[in-house]
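Have a look at the structure below before the remarks.
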Amino acid sequence: MKIKNILIAGSYQSDFYPFLKQLEQYNLRFKSTEIISQEDMNWADTYVGFAPHENFEPSKVKWVHTFNAGVNNYLAISGWDNTLLTRTISDFGEKMSEYCLSYILADLQCHTQFQAQQKAKVWSVKSPASLKDQIITILGTGEIGQKIAEVFSTFGATVNGISNSGQDKAYFNQISNIENARTILKHSNYIISTLPLTQNTEKLLNQHFFNYLNDAYFINVGRGKVVDTDQLLDALNEGKLRHAVLDVFESEPLTENSELWQREDVTVTPHISALTDIDDAISCFCNTLKKLENNESVSNQVDFSKGY
Numbered sequence: 001m002k003i004k005n006i007l008i009a010g011s012y013q014s015d016f017y018p019f020l021k022q023l024e025q026y027n028l029r030f031k032s033t034e035i036i037s038q039e040d041m042n043w044a045d046t047y048v049g050f051a052p053h054e055n056f057e058p059s060k061v062k063w064v065h066t067f068n069a070g071v072n073n074y075l076a077i078s079g080w081d082n083t084l085l086t087r088t089i090s091d092f093g094e095k096m097s098e099y100c101l102s103y104i105l106a107d108l109q110c111h112t113q114f115q116a117q118q119k120a121k122v123w124s125v126k127s128p129a130s131l132k133d134q135i136i137t138i139l140g141t142g143e144i145g146q147k148i149a150e151v152f153s154t155f156g157a158t159v160n161g162i163s164n165s166g167q168d169k170a171y172f173n174q175i176s177n178i179e180n181a182r183t184i185l186k187h188s189n190y191i192i193s194t195l196p197l198t199q200n201t202e203k204l205l206n207q208h209f210f211n212y213l214n215d216a217y218f219i220n221v222g223r224g225k226v227v228d229t230d231q232l233l234d235a236l237n238e239g240k241l242r243h244a245v246l247d248v249f250e251s252e253p254l255t256e257n258s259e260l261w262q263r264e265d266v267t268v269t270p271h272i273s274a275l276t277d278i279d280d281a282i283s284c285f286c287n288t289l290k291k292l293e294n295n296e297s298v299s300n301q302v303d304f305s306k307g308y
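Numbering (UniProt numbering), first residue to last: 1 to 308.
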């Protein structure tokens with residue numbers, strides 16, 4: 001693929017400065033997303049940025065690269081027949097692993113109980129549980145899910161996975177598809193969702209799913225719309241779930257009148273489990289550009305049939 005004119009949606013001139021030498025053969029145009037014009041799109045071969053502009057048409061360019069790992073905002077637009085879409089691959093798996101590990105260790109080490117006891121000046125001994133004795137099930141066994149599985153298996157936990165294919169992968173004790181996952185889910189102490197949002201996963205985690213669980217601890221670092229929030233609340237009320245750590249939501253930011261804010265059995269974080277580092281995003285773009293210029297395959301190309 002031959003690229004010459006690159007339209008960068010956003011004021012990232014200073015962020016691109018360290019990369020200008022390797023991009024000196026290209027024409028770069030930086031424009032805020034809200035002021036990108038039809039003339040800008042007619043000029044560009046490539047569109048780069050976190051989000052499409054208001055009247056974005058994929059057919060106007062050869063290639064689109066999103067700084068995000070998720071691509072839902074781009075896939076919501078039609079017209080991708082002859083346009084390549086790539087996404088940023090960075091250390092999202094490592095960041096999400098640390099996020100999940102922090103909450104699971106805090107739970108196993110009884111942090112909440114001991115904090116309450118300190119406040120009440122109560123000395124009551126409870127033995128922390130061990131990570132090696134836990135069964136952790138990860139929904140989604142792609143790059144991020146595999147990294148999380150690697151981290152927890154290093155500590156000796158039994159890590160199971162649930163995916164579309166049910167195919168075996170490294171670091172997982174076993175992997176099942178969702179249709180045959182009842183036994184795995186029933187015996188899971190912790191469940192971590194890394195699922196992307198697709199037509200097949202929207203509200204996949206509903207009453208039918210939660211009924212399989214037995215006093216499980218749930219973490220969602222994937223996409224908010226994968227979970228039916230009303231039925232998650234029912235699962236908490238019925239004891240199918242004992243706690244939910246939610247970093248993503250059906251609608252963001254979370255509205256002030258959401259019941260999730262007030263519940264002691266829910267932990268809310270503002271979509272921070274794996275924030276995109278702009279340097280990593282630009283580096284990924286540059287590496288992808290180099291491969292495309294050399295007619296090499298790229299591992300971050302979006303598969304439209306899968307939605308990621």
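Beta carbons: idealized from backbone N, C-alpha and C, even for Gly.
Inter-residue Cα distance where the pair is residue i and residue j
{"i": "R29", "j": "D81", "result": "25 Å"}
{"i": "K240", "j": "L233", "result": "10 Å"}
{"i": "C284", "j": "K132", "result": "35 Å"}
{"i": "K147", "j": "S273", "result": "14 Å"}
{"i": "H65", "j": "F304", "result": "14 Å"}
{"i": "F172", "j": "I138", "result": "9 Å"}
{"i": "T288", "j": "Y17", "result": "18 Å"}
{"i": "K62", "j": "G49", "result": "15 Å"}
{"i": "L101", "j": "A157", "result": "12 Å"}
{"i": "F210", "j": "Q134", "result": "19 Å"}
{"i": "N27", "j": "Q109", "result": "55 Å"}
{"i": "I8", "j": "D45", "result": "11 Å"}
{"i": "Q25", "j": "N5", "result": "10 Å"}
{"i": "A120", "j": "H111", "result": "14 Å"}
{"i": "S153", "j": "V221", "result": "19 Å"}
{"i": "P253", "j": "F92", "result": "21 Å"}
Cβ-based burial, residue i [other Cβ within 10 Å; buried from 16]
{"i": "N160", "result": "buried"}
{"i": "R182", "result": "exposed"}
{"i": "S59", "result": "exposed"}
{"i": "T201", "result": "buried"}
{"i": "V125", "result": "exposed"}
{"i": "N300", "result": "buried"}
{"i": "S97", "result": "buried"}
{"i": "L105", "result": "exposed"}
{"i": "P270", "result": "exposed"}
{"i": "I282", "result": "buried"}
{"i": "L275", "result": "exposed"}
{"i": "K21", "result": "exposed"}
Nearest residue (CA-CA) to residue i, options the options
{"i": "N72", "options": "A149, L246 and T198", "result": "T198"}
{"i": "G166", "options": "D230, F155 and N180", "result": "N180"}
{"i": "K95", "options": "A149, F218 and N257", "result": "A149"}
{"i": "G79", "options": "F67, G70, F152 and N55", "result": "N55"}
{"i": "K169", "options": "V221, W123, E143 and T154", "result": "E143"}
{"i": "I278", "options": "T33, K2, N68 and E34", "result": "N68"}
{"i": "I136", "options": "Y308, A51 and Y103", "result": "Y103"}
{"i": "D15", "options": "Q115, D280, N294 and D215", "result": "D280"}
{"i": "V302", "options": "W261, P196, L84 and Q231", "result": "L84"}
Close-in-space but distant-in-sequence residues of the same chain around residue i (CB under 8 Å, 5 per side omitted)
{"i": "L213", "result": "L185, K186, S188, I191, A235, K240 and L241"}
{"i": "D228", "result": "K203, L205, N206 and Q207"}
{"i": "D40", "result": "L7, R29 and K31"}
{"i": "T267", "result": "Y103, H243, A244, V245 and L246"}
Same chain, Cβ closer than 7 Å to residue i, neighbours up to 5 away in sequence not counted
{"i": "S163", "result": "G140, T141, I175 and N177"}
{"i": "V298", "result": "T86, T288, K291 and L292"}
Same chain, Cβ closer than 6 Å to residue i, neighbours up to 5 away in sequence not counted
{"i": "Y99", "result": "S273"}
{"i": "D265", "result": "L236 and H243"}
For this session: Could I get the ranges of all uninterrupted beta strand (DSSP E) runs contained in the segment 182 to 253, with 3 residues as the minimum, in chain order?
Result: 190 to 193, 216 to 220 and 241 to 246
For this session: Report the residue ranges of all alpha helix (DSSP H) runs contained in full by the segment 14 to 95; include only those spanning at least 4 residues, in chain order.
Result: 38 to 43 and 72 to 75
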